[in-house]
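Please read the structure below before turning to the comments.
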Amino acid sequence: MKPTDEIKKQAVNAFTCAETVAQVGMIKLTGGIALYAAHIRQMDRQSPPPRQVRRDAIGREV
587 MKPTDEIKKQ AVNAFTCAET VAQVGMIKLT GGIALYAAHI RQMDRQSPPP RQVRRDAIGR
647 EV
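The structure is reproduced here in structure tokens:
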């Protein structure tokens, strides 16, 4: 094999490896976002309902 062929092969291999790493990273990122969204929904379900605030005619709390 010629030295230039070896360099091209290594470049393609590095690019393929980088693609694989990026795909794994995207899967982890997507999973992390889903987990965070589920956590927010759980916290919303556990929180007490918002209290009703009475206001006067001007808009101040009574």
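Residues 587 to 648 (the working numbering) are what the sequence shown spells out, left to right.
Glycine included, C-beta positions come from ideal geometry on N, C-alpha and C.
Small disclaimer: the values here were computed from a predicted structure and weren't measured.
Across the structure, Thr602 and Thr616 are spaced so that their CA atoms are roughly 21 Å apart.
Residue pairing of Glu605 in beta bridges, as defined by DSSP: absent, with no partner found.
With respect to the 9 Å criterion, Val648 and Arg637 are not classified as neighbours on the basis of their beta carbons. Glu647 is bridged by DSSP to Arg641. In this structure, the CA atom of Tyr622 is about 31 Å from the CA atom of Val639.
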